[in-house]
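Asks: I have a structure here, written as C-alpha cells, and I will follow up with some questions on it.
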Ligand code: SF4
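Chains as they are written, first to last, in the working numbering: chain A, 238 to 381; chain B, 4 to 343.
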C-alpha cells in the first residue's frame, strides 16, 4: 500500500546486530538518549521486526547471521526501509578479509541508506534516519 | 413506540460514547507519552503522536504468520477493542449517565475487564510464536494475580455504601452519585486510602504497563503477546490500549473522585455537562499520571513471580486491611449514630 505523510512523523526502528563489535550498538543507544530525543519526531525502537518500518543493521554479516538477517528482513511488513549503520556493514571495515563473512550487508538484503563511521556519531545516525524518511517520501511519490 | 424511540436514543448515545472513547483514549496515550518525556528531561512527541502512529499502522501490511491460526489471530484485536469499548458504556462519564449503566453494575464491569486481556491471550496463543506463547502465559498469571485485590476494592466499596443504607450499592451510577468519602468516619477514610492504593497498583497491570508489563516485555520477549501483530491488527490493539487507559481512569474517578463541578455551581444543563466532562477528563489525566506515567518512569519491570507474590501477599493484605477498616468504621458510625 502507498505510504502517506503519517510515515514522516512515525518511524519505528528495529535494530539487528549481524555480528558487529558492539561499537555501533552503543552509538545507536546514544542516539535515543534524552540528549537527542528522536521520539520528538515519532522515531522509536521496537522489539519486534513485525512492528518496524526501519531496519537498522550493524556489523558485517557473519556467515551464521546471513539467514537470520534475510528472515528478519522478510518478516517486516511493507513499506520498509533498511539502514546500514557503520563502516563494517558497508565494506567489511576492519573485518574486510575475515574467513567467516557473508556480507557486507547489501550483498544480503537491499540497503536504502548507508551511515559511515566506525562507529558513526549519533548525529550521523539521526541524519541517516532523516535520509531514510526522504527515501520513504520518494516511495510515496511513486518513485523507487 | 416509546420503546423504539428509547432504543434509538440508546443506540445514538452508544455511538457518541464510542467515538469519544476512541478519541479520548488516543489523546490520553499522547498525554502519557508527553508527561513521561518531560519527566526524563526530553521534549517528547507531540500530543497527536498516537493518531499519527495509528494512521501509519493502518496503511502498513498486516502479516499473518505461517503457523498462526488465522481466524483467531485476526479476531483477537477486534474483540479486545470492542470489549474495552463496551466497558466504557457501563461507566458514568462526568455528569452524563452511562448508556448501559442501568443494565449492569460494578461486578459486571469487573468481569468485563478480563475480556480484553483474554482476547490478547487468545491472540498470543494463536500467533504460534514462542515469544507470544510465553507472553500469553504471563498475561494469564498476571490476570489471576491482580483480580483478587481488584475484587476486594469492588466488594469493600459497595459493602460500605450498602451498610450506610444506600440502596443498589453495586451500581456504578449509585457509587458515583454518593461519594463514598462522605459516608465514612475517620477509620473509613484510612481504609479508603488503602483501597485507593490498591486500585492504583492494579491499574498498570490491567494496562500491562511498566512495572507490570512482563507479558509484553520489549527487552526480553520482544513485545510478548503482540510480537507477531503488525499493521491493522496492531493498530486495533493500540486503540484498545487507549480505551482501556480511559476505562481504568474512569473507574478510579467514578469510585474515588466522583464529584462534579455542576453539583457545586449551578449552570444551565448543556454547559454543565460540557464542564463536567472536561473536569472528568482532567481527573482521569491526574489518575493516569500517578498510577501509569509516574510509575512507569520511576520503576523497572517486576519479574512474573514477583508480580504474583506482590499482588497476593502485599497488595492483598493492604486491600484486606482496608476492607476490615471499612467494616469497623461501619460499626462505629452506626453505633455513634445510635447514641446521637
Ligand atoms: S563499524 Fe566499527 S564500531 Fe561499528 S560495528 Fe563495525 S567495527 Fe564496530
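All residues carry an ideal CB built from backbone N, CA and C; glycine is no exception.
Quick caveat: nothing in here was measured; it's all calculated off a predicted structure.
What's the C-alpha gap between residue 291 of chain B and residue 30 of chain B?
Replies: 12 Å
Asks: Out of B/163, B/200, B/205, B/211, which one is the CA nearest neighbour of residue 188 of chain B?
Replies: B/163
Asks: Suppose you measure from the CA of residue 233 of chain B to the CA of residue 213 of chain B; what does that come to, to the nearest Å?
Replies: 22 Å
Asks: Using 9 Å as the limit for Cβ to Cβ distance, is residue 318 of chain A near chain B?
Replies: no
Asks: Using a Cβ-Cβ cutoff of 7 Å, what residues of the region 27-49 of chain B are near chain A? List them in chain order.
Replies: 40, 43, 44, 45, 46, 47, 48
Asks: Would you verify that the beta carbon of residue 276 of chain A is, or is not, closer than 9 Å to some beta carbon of chain B?
Replies: When Cβ-Cβ separations below 9 Å define contact, residue 276 of chain A makes contact with chain B.
Asks: In chain order, what residues place their C-beta within less than 6 Å of a heavy atom belonging to ligand 1?
Replies: A/257, A/258, A/260, A/261, A/295, A/296, A/323, A/324, A/325, A/330, A/331, A/355, A/356
Asks: So which residues on chain B does residue 279 of chain A lean against when the C-beta distance must stay under 9 Å?
Replies: In chain order: 48, 49, 52, 55, 56, 59.
Asks: Report yes or no: do the region 119-128 of chain B and the region 76-95 of chain B share at least 3 C-beta pairs separated by less than 8 Å?
Replies: Result yes; three or more Cβ-Cβ pairs closer than 8 Å.
Asks: Which residues in chain B have a C-beta closer than 7 Å to the C-beta of residue 287 of chain A? List them in chain order.
Replies: 66, 230, 231, 232, 233
Asks: For residue 286 of chain B, return the contacting residues in chain A, with the cut-off set at a CB-CB distance below 8 Å.
Replies: Within 8 Å Cβ-Cβ: nothing; residue 286 of chain B doesn't reach chain A, min ~27 Å.
Asks: Compare the C-beta of residue 237 of chain B against all C-beta atoms of chain A and say whether one is closer than 9 Å.
Replies: yes
Asks: Could you tell me which chain B residues have their CB closer than 7 Å to the CB of residue 246 of chain A, listed as they occur along the chain?
Replies: Those within 7 Å of residue 246 of chain A in chain B are 55.
Asks: Specify the secondary structure class of residue 283 of chain A as computed by DSSP and reduced to three states.
Replies: coil
Asks: Using the three-state DSSP reduction, which class does residue 263 of chain B fall into: helix, strand or coil?
Replies: coil
Asks: Go to residue 162 of chain B, then tell me how far its alpha helix (DSSP H) extends in each direction, as first and last residue.
Replies: The continuous alpha helix (DSSP H) containing residue 162 of chain B extends over residues 133-166.
Asks: Within its chain, find whatever has a CB closer than 8 Å to the CB of residue 306 of chain A; leave out the 5 residues flanking it on each side and keep chain order.
Replies: Closer than 8 Å at the Cβ level, and outside the excluded window around residue 306 of chain A, lie 253, 255, 294, 298, 342, 345, 346.
Asks: Please tell me whether residue 63 of chain B has its Cβ less than 9 Å away from any Cβ of chain A.
Replies: yes
Asks: Run the CB neighbour count on residue 22 of chain B, radius 10 Å, all protein chains shown included, and call it buried at 16 or more, exposed below.
Replies: Looking at its Cβ environment, which holds fewer than 16 other Cβ atoms inside 10 Å, residue 22 of chain B is exposed.
Asks: For the pair the region 39-48 of chain B and the region 95-114 of chain B, tell me if three or more CB-CB distances fall below 8 Å.
Replies: no
Asks: Closer than 8 Å is the cut-off here; do at least three beta carbon pairs connect the region 81-89 of chain B with the region 261-272 of chain B?
Replies: Between the region 81-89 of chain B and the region 261-272 of chain B, the count of Cβ pairs shorter than 8 Å is below three; the stretches do not touch.
Asks: Using 9 Å as the limit for Cβ to Cβ distance, is residue 314 of chain A near chain B?
Replies: yes
Asks: Provide the residue span of the beta strand (DSSP E) that contains residue 351 of chain A, from first to last.
Replies: 350-352
Asks: Can you tell me the Cβ-Cβ gap for residue 355 of chain A and residue 330 of chain A, rounded? I've got them flagged as a contact below 8 Å.
Replies: Separation of the CB atoms of residue 355 of chain A and residue 330 of chain A is rounded to 6 Å, and the pair is thereby assigned contact status at 8 Å.
Asks: Quick one: grab the DSSP three-state call for residue 181 of chain B.
Replies: Note: residue 181 of chain B maps to coil in three-state DSSP.
Asks: Could you please tell me which residues of the region 256-275 of chain A, in chain order, have their CB closer than 7 Å to any CB of chain B?
Replies: 271, 274
Asks: Give a yes or no on whether 9 Å exceeds the smallest Cβ distance from residue 290 of chain A to chain B.
Replies: yes
Asks: Check whether the Cβ atoms of residue 205 of chain B and residue 152 of chain B sit closer than 9 Å, and answer yes or no.
Replies: yes
Asks: With distances taken Cα to Cα, identify the nearest neighbour of residue 296 of chain A among A/262, A/310, A/290.
Replies: Selected option, being the one with the closest Cα: A/262.
Asks: Can you tell me whether residue 320 of chain A is buried or exposed? The criterion is at least 16 other CB atoms within 10 Å of its CB, across all chains shown.
Replies: buried
Asks: Does residue 284 of chain A get closer than 9 Å to chain B when you measure Cβ to Cβ?
Replies: Yes - at least one Cβ of chain B is within 9 Å of the one on residue 284 of chain A.
Asks: Could you tell me the distance, in whole angstroms, from the CA atom of residue 39 of chain B to the CA atom of residue 300 of chain B?
Replies: 6 Å
Asks: So what's residue 355 of chain A in DSSP terms, helix, strand or just coil?
Replies: In this structure, residue 355 of chain A counts as coil in the three-state DSSP scheme.
Asks: So with Cβ pairs under 9 Å, would you call residue 238 of chain A a contact of chain B?
Replies: Bear in mind that the predicted position of residue 238 of chain A carries a pLDDT of just 44, short of 50, making it too unreliable to give a figure here.
Asks: Return no unless some Cβ of chain A is closer than 9 Å to the Cβ of residue 4 of chain B.
Replies: Reliability fails at residue 4 of chain B, whose pLDDT of 46 lies under 50, so the model's placement of it is uncertain and the value that follows must be treated cautiously. It does not: the Cβ of residue 4 of chain B has no partner Cβ on chain A nearer than 9 Å.
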